[in-house]
Amino acid sequence: MRVLIISDIHANLTALEAVLSAARLYDAVWCLGDIVGYGPDPNECVDVVQSLPNLVYLTGNHDAATLGNINLEAFNRDARISAQWTKSVLGASSIQFLKNAQEKAVLENVTLAHGSPRNPVWEYMLDTYTASINFEYFETEVCFVGHTHQPTIYVESDGPRKAIWKYLAPGEVFKISERTILNPGSVGQPRDHDPRASYALFDTEQRAWRLMRVEYDIAQVQQRIIDNGLPRRHALRLKQGW
Ligand code: ZN
């Protein structure tokens, strides 16, 4: 089975559409959370995600904040403004869809979490130290996470460092042969200085992970952010991939 792995769409419909057309053929979609927040198209993104085949989807911290499940004080000022705006425009069917999201899922010998298996909605896995601790919090061979907006691979090791960081260039395939934590990066707001939308394709039989990037019309999304009165910073960072 060929699975499209997407995360952190952040209400960026243009980026989401670019990813779906670039990925072309896939049997299932696993979405690792944060469909909304920051961007101008929350309802449209929920509609598109909802229609994807064999969908498994998780809740992210921005989704939870929009539903009122997280105190907005935990967010910085700009993120709070955009969460409040999202709350004010979300339709009833989008709210229901987000409410049905899972915090964690296990399938095909893979654990899915937005942040980390230890703290699924909140923890950022940004270094090998955090990754090494998290290897103890899932039973499967593999774990997929999002949340940091940076594509990453951590492989479990027996050495003094319990997790090793691996670099993977877009288009390259990583064959999974040991316990591994993988992050597909962000569709709608990449933060690794590459502004292209990020996603991954996972072959469940071959245990192969391919990281992909695709360009999209950033200016169009920036304009919608500004037209809706959302913080300018969220428009600027799209262009910088940060
Ligand atoms: Zn996010």
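Going by my numbering, 77 is the number at position 77 of the sequence shown; the sequence numbering is gapless. Where a beta carbon is used, it is the ideal one built from N, C-alpha and C, also for glycine. This one's a predicted model, so the numbers in the text were calculated from it and none came from an experiment.
- Listed by position in the chain, the residues whose beta carbon lies within less than 5 Å of some heavy atom of the ligand ZN are 8, 34.
- Taking the Cβ atoms as the reference, residue 114 lies roughly 6 Å from residue 121, within the contact range of under 8 Å.
- Our two residues, residue 191 and residue 125, have alpha carbons roughly 14 Å apart in a direct line.
- Contact annotation: the region 194-211 touches the region 228-241, with at least three C-beta pairs closer than 8 Å.
- Inside the region 51-78, DSSP marks whole alpha helix (DSSP H) runs of 4 or more residues at positions 61-66, from first to last along the chain.
- DSSP, reduced to helix, strand and coil, places residue 183 within a strand of the structure shown.
- Residue environment: residue 19 is assigned as buried (16 or more neighbouring CB atoms within 10 Å of its CB, all protein chains considered).
- Three or more beta-carbon pairs drawn from the region 3-21 and the region 48-57 are found closer than 8 Å, and the two stretches are therefore classed as touching.
- Per the Cβ contact rule, the region 167-181 is not in contact with the region 20-39 (fewer than 3 Cβ pairs under 8 Å).
- The criterion of a C-beta distance shorter than 8 Å is not satisfied by residue 184 and residue 143.
- For a cut-off of 8 Å, the C-beta gap from residue 38 to residue 11 is around 6 Å, short enough to register as a contact.
- The residues 106, 109, 110, 111, in chain order, have a CB closer than 7 Å to that of residue 140 in the same chain once the five nearest residues on each side in sequence are set aside.
- Within 10 angstroms of the beta-carbon of residue 171 lie fewer than 16 other beta-carbons, which makes it exposed.
- Residue 13 is not a Cβ neighbour of residue 31, given a cutoff of 8 Å.
- Of the residues assessed, residue 215 falls on the exposed side of the cut-off, its CB having fewer than 16 other CB atoms within 10 angstroms.
- Out of 134, 224, 187, the CA that lies nearest to the CA of residue 8 is found in 187.
- Judged by beta-carbon spacing, residue 101 lies beyond the 8 Å limit of residue 52, meaning their Cβ atoms are not closer than that value.
- Taking 3 residues as the shortest admissible run, the region 205-236 contains the following complete beta strand (DSSP E) segments, listed from N- to C-terminal end: 208-214.
- Comparing alpha carbon positions, the residue from 3, 33, 40 closest to residue 225 is 40.
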